[in-house]
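My numbering puts the first residue of the sequence shown at 502, with every later residue one more than the last.
Worksheet: one structure, shown below.
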Amino acid sequence: MSSKLEQLQALVAPVVEALGYQCWGVEFLSQGRHSLLRIYIDHADGVLIDDCEKVSRQVSGVLDVEDPISAEYTLEVSSPGMDRPLFTLEQFASYIGEQVKIKLRSPFEGRRNFQGLLRAVEEQDVVVQVDDHEFLLPIDSIDKANVIPRFD
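Here is the structure:
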């Protein structure tokens, strides 16, 4: 995780949690002059648009005071949704047995994209079964991971 992302996570997570929500994850996409700060919030009762607005107002105030992002950016607050992004080993562990889609920062065994069954979490690695082969993917090499929703 980049130091900028760690800094933003440390800044927004306490605000989100003080409002009674879980800070599921933070994404910062730096795109020149138009960056995006996306905060995923979760709650046992689900997340409504009013919840996102409330968190957005509070986080926005803190960001205005602390000013951790020097360029222009868009703040977006969202629920993790059905295709829930996974950020931590604990989150991966709670979705063992589900289908996941993982994109790595750099190729591993000649590929960056993996889609398959989340089998386990071992130390700092995520174990994904693709067809009949298991891959141990280091959490630090994962750029993006999502649960594939089931409709049954």
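Glycine included, each C-beta is placed from N, C-alpha and C at the ideal position.
Nothing here was measured: the structure is a model prediction, and the numbers come from that model.
Give the range of the alpha helix (DSSP H) segment to which residue i is assigned.
i: I550; result: I550 to E567
Tell me the DSSP secondary structure of residue i in three-state form.
i: S595; result: coil
i: Q532; result: coil
i: L637; result: strand
i: A572; result: coil
What residues match up with residue i in a beta bridge as DSSP calls it?
i: F652; result: Bridge partners of F652: none, in fact.
i: S579; result: Y541
i: V527; result: I540
For residue i, report the span of its beta strand (DSSP E) as first-last.
i: A621; result: R612 to E623
i: S607; result: Q600 to F609
i: D626; result: D626 to V631
Measuring alpha carbon to alpha carbon, tell me which of the options ends up nearest residue i.
i: I640; options: D633, P650 and V629; result: V629
i: L564; options: E591, L509 and D633; result: L509
i: G533; options: E573, R620 and I597; result: E573
Return the Cβ separation of residue i and residue j in integer angstroms, given the expectation that the two are a contact with Cβ distance under 8 Å.
i: R539; j: E507; result: No, R539 and E507 are not in contact; Cβ-Cβ is about 16 Å, not under 8 Å.
i: I649; j: K602; result: 6 Å
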